[in-house]
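Visitor: Position 94, counted from 1, in the sequence shown is what my numbering calls 94; the numbers after and before it change by one each time, with no gaps. The beta-carbon is built from N, C-alpha and C at its ideal position, and this holds for glycine as well. Since the model is a prediction, treat every value here as computed from it, not as a measurement. Following this message is one structure expressed as structure tokens.
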Amino acid sequence: MKALLLDDTHPLLEEGLSAGGLELIRAFDEPLTVLTERHADAEVIIIRSRLKVTKDFLNAFPQLKVIGRLGAGLENIDVEEAARKQIVCLRVPEGNARAVAEHALGMLLSLLNHLPRVQREIKEGKWLRESNKGRELQALKVGVIGYGVMGGTFARLLDAMGVTVLAFDKYKTGYAEGGVKECTLHELYKESDVISLHLPLTAETRDYANEDFFSSFDKPIHFLNTARGPILNTAALVAALDCGKVLSAGLDVLEYEKSSFTSLFEGPLPPALTALLERENVLLSPHIAGWTKESFEKMGSGLAQKVLAVLKTV
């Protein structure tokens, strides 16, 4: 049985698949035309973000049984067409959920304590204490939107710290654990001091955090997005920062990223992004929240186990 690896992965993934009897074909740079000519008989395909798995892509591999993505989302796969062809699509959000949760927490603590600004001031020889007075998390209510693996892990981490966590998930009920409070979106708008997005990128969630979203909150909020860039309308965030609806923002993802997540777009910076770069109450990182040594290992071994488990049933 042939497994086609279309992106560089992790040794634990390759070791696991090989131990399960799969022949591994490493094709990290080959274009789709070459892949279909040489490897149309592949039954397993492993991807990250280099290629989009479209209907035409799926038609080119008639024996395909499993697609495994070394990551948390499946937005680069036509999952409806895959389902019609009875191809199982796998992901490993549990592999990097802890990494994302810790990164989001780190961003939030940095913003609440003005660390980007005080770092600059110290370098300039300024020792300003009163103007940099911070906030404690236990004094704030953190709203989590989307209670999947990622949102749930972040919520549990905060709950263990004694933080009041409000959770909203449009498609779930009865999911709250420990001290986490399951609530409506209206309650979230009314009570939250912090909002953290943990949504998949779909047609429904694209541009989710827009002007109407930010204007709905009763109190000024601190805003986090470690999910997907296009979920946030960056111009709307800038406007909310300008009018005080948003006090600070931590973004690990940007709407301007390339779909491969490997870089920003090419060309001049959009005005909204330029505005964010000029602010010390905005903290940015290059889509690395889930990118740790440990998470890469967990995703690799976990995806191998999932692929082999599916192959035993098909």
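Excluding the five sequence neighbours on either side, which residues of its own chain have a C-beta within less than 7 Å of the C-beta of V79, listed in chain order?
Guide: C89
Visitor: Keeping to the same chain, check which residues put their C-beta closer than 6 Å to that of L22; ignore five residues upstream and five downstream.
Guide: M1 and A3
Visitor: So, does the stretch 175-185 touch the stretch 196-208, judging by three or more C-beta pairs under 8 Å?
Guide: no
Visitor: With DSSP collapsed to three states, give me the class of H287.
Guide: Taken through DSSP and simplified to helix, strand or coil, H287 comes out as coil.
Visitor: Considering only residues of the same chain and omitting the five flanking positions on each side of A60, which have a CB-CB separation below 8 Å?
Guide: L32, L35, T36 and A40
Visitor: Applying the criterion that 16 or more other CB atoms from any shown protein chain within 10 Å of the CB defines a buried residue, is S215 buried or exposed?
Guide: exposed
Visitor: For K190, which option in G68, F217, I145 and T54 has the closest C-alpha, if you only look at C-alpha atoms?
Guide: F217
Visitor: Out of R69, G73 and I87, which has the shortest C-alpha to C-alpha gap to L58?
Guide: I87
Visitor: Near S110, what residues of its chain come up, given a Cβ to Cβ distance below 7 Å and the 5 sequence neighbours on each side ignored?
Guide: Correct list, in chain order: P116 and L283.
Visitor: Within the same chain, show all residues whose beta-carbon is closer than 6 Å to that of V100, passing over the 5 residues directly before and after it, in chain order.
Guide: Apart from the 5 residues on each side of it in sequence, V100 sits with its Cβ closer than 6 Å to the Cβ of M150, T226, A289 and G290 in its chain, given in chain order.
Visitor: In whole angstroms, give me the CA-to-CA distance for A167 and I25.
Guide: 43 Å
Visitor: Bridge partners of S196, per DSSP?
Guide: V144 and L224
Visitor: Distance, Cα to Cα, I195 vs D159?
Guide: 15 Å
Visitor: Examine the ligand ZN and report whether any of its heavy atoms sits within less than 7 Å of the Cβ of S295.
Guide: Here there are no bound small molecules, and the ligand ZN is not part of this structure.
Visitor: Is L137 near L112, with beta carbons less than 8 Å apart?
Guide: yes
Visitor: Under the three-state reduction of DSSP, which class applies to S216: helix, strand or coil?
Guide: In the three-state DSSP reduction, S216 falls in the coil class, being neither helix nor strand.
Visitor: Are D252 and S285 close, meaning C-beta to C-beta below 8 Å?
Guide: yes
Visitor: Which partner residues does F168 have in the DSSP bridge list?
Guide: Residue pairing by DSSP puts F168 in a beta bridge opposite I145.
Visitor: Would you list, in sequence order, the uninterrupted alpha helix (DSSP H) runs of no fewer than 4 residues that lie entirely inside the stretch 52-103?
Guide: 55-59 and 79-84
Visitor: Quick one: using the 10 Å Cβ neighbour count with 16 as the cut-off for buried, is P93 buried or exposed?
Guide: buried
Visitor: Please report the straight-line C-alpha distance between N76 and L51, rounded to a whole angstrom.
Guide: 7 Å
Visitor: Using the beta-carbon count (16 or more within 10 Å), is H186 buried or exposed?
Guide: exposed
Visitor: Reducing DSSP to helix, strand and coil, say where G250 ends up.
Guide: strand
Visitor: Which residue comes first and which comes last in the alpha helix (DSSP H) that contains K298?
Guide: Segment K293 to L311, the alpha helix (DSSP H) holding K298.
Visitor: Determine whether the beta carbon atoms of A203 and V238 lie at a separation below 8 Å.
Guide: no
Visitor: Going by beta carbon distance, what residues of the same chain come within less than 6 Å of I145, once the five residues before and after it are set aside?
Guide: F168 and L197
Visitor: Between V118, V142 and I122, which lies nearest to G134 when the distance is taken from Cα to Cα?
Guide: Ranked by Cα distance from G134, the first of V118, V142 and I122 is V118.
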